[in-house]
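In what follows, a single structure is set out as structure tokens and then discussed.
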Amino acid sequence: MMTLGLDLGGTKILAAVVREGTVVDSVRVDTPQTGFADVVRALAGTAEQLLARGHEVAGIGVGSPGPLDKERRKVVFAPNIAGMHDAPLVAELERLLDLPIVLENDANAAGYAEHLYGAAREFSSSIYVTVSTGIGGGIFVGEQVLRGANGMAGEIGHMTMLVGGPMGGDGHTGSLEAIAAGRSMARDAGYAYGVEMDTREVFARARAGEPKALGIVENSALFVGIGLANLVKIIDPEAFVIGGGVAEVGPFYLGKVQAAAEHYLEGYPVPRFLVAKLGGNAGVIGAAAVAARELEARK
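Residue numbering for the sequence shown follows the working numbering, beginning at 187 and increasing consecutively.
Structure, rendered in structure tokens:
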């Protein structure tokens with residue numbers, strides 16, 4: 187079955203036609219910062235571009251930052267995207283696109299792709315962690331994603347890590363995302379250097395040994411590592427799969443995350459730490475796979 191995946195991120199939207207874990211065609215655009223209506227139009231527009239190329243798909247899977255209300259098919263809130271509070275995303279997309287649409291948390295979608303086709307294929311239990319503009323996660327046991335009573339399990343980025351810490355997009359202080367995500371590193375660099383810079387420049391300066399930038403990267407890795415150590419003590423997974431734009435810088439960052447986690451896991455079994463294999467395509471592959479699974483189940 188061929189389906190279309192949409193991966194909605196804080197800075198980019200990626201759309202792809204996918205068949206059994208393989209991207210057939212794709213389109214990428216910037217995420218509008220001007221409100222929910224423009225985000226919906228951008229999502230629909232990327233899908234329409236691919237459909238106009240003659241691709242026939244059975245349906246569309248949308249990976250969105252959460253938490254989500256899957257029963258009402260709404261985004262409860264997505265702190266890194268303007269206007270995404272109690273947002274009827276599926277209803278608005280179905281109004282514009284004449285295809286069945288399935289909504290999934292973006293980290294769950296990417297983790298599902300890694301679970302089916304990528305780094306976590308060999309493990310029965312794993313936690314996917316994305317470190318990008320924000321921080322998210324998906325918890326997998328067997329073929330099932332752990333959703334919790336209200337569908338909000340896996341919101342790793344919203345764990346409180348530092349009482350009185352920086353304000354997060356969810357309105358609470360001291361969350362992992364507010365301390366350690368890509369947007370937070372860029373914010374801290376702006377304070378430290380007195381000029382705006384993106385996360386890529388922060389890492390470039392850190393690699394060059396600049397103390398301010400290196401301190402920002404190490405602080406992020408420390409808190410992510412502590413968060414993962416806490417998850418080991420609660421979930422006890424076989425493996426962590428680390429993905430997202432920040433994680434894609436490789437061992438320079440991931441090595442620091444693993445070292446921090448291992449420090450706080452002394453005396454505990456340490457799971458495997460793996461780099462996501464599917465890279466930036468994990469979200470669209472997973473969203474498309476979720477759509478294929480649900481559409482098949484409806485037959």
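We put the beta carbon where it would ideally sit given N, CA and C, even for glycine.
query                                                                                                                                      : result
Distance, His-241 Cα to Gly-320 Cα                                                                                                         : 32 angstroms
Contacts around Gly-431, its chain only, beta-carbon distance under 8 angstroms, and the 5 residues preceding and following it disregarded : Val-317, Ser-318, Thr-319, Gly-368, Thr-385 and Gly-466
For Val-262, the nearest candidate out of Arg-239, Leu-285 and Leu-289 (CA to CA)                                                          : Leu-289
The alpha helix (DSSP H) enclosing Leu-464, as first and last residue numbers                                                              : First-last for Leu-464: undefined, no H or E at that position.
Boundaries of the alpha helix (DSSP H) in which Lys-260 is found, first to last residue                                                    : Segment 260-263 is the beta strand (DSSP E) holding Lys-260; no alpha helix (DSSP H) there.
Proximity below 7 angstroms, CB of Gly-469 to CB of Gly-249                                                                                : yes
Cut-off 7 angstroms between Cβ atoms - residues of its own chain near Ala-415, not counting five sequence neighbours on either side        : Ala-447, Tyr-450 and Leu-451
Contact under 7 angstroms by Cβ, Pro-251 with Asp-224                                                                                      : no
Cβ contact (3+ pairs, closer than 8 angstroms) linking the region 390-410 and the region 453-466                                           : no
Closer than 7 angstroms to chain C by CB, Thr-319                                                                                          : In the displayed structure, chain C is absent; only one protein chain is listed.
Whole alpha helix (DSSP H) elements within the region 354-429, 4-residue minimum                                                           : 362-366, 368-379, 385-393 and 397-421
Where Gln-444 falls: helix, strand or coil (DSSP)                                                                                          : helix
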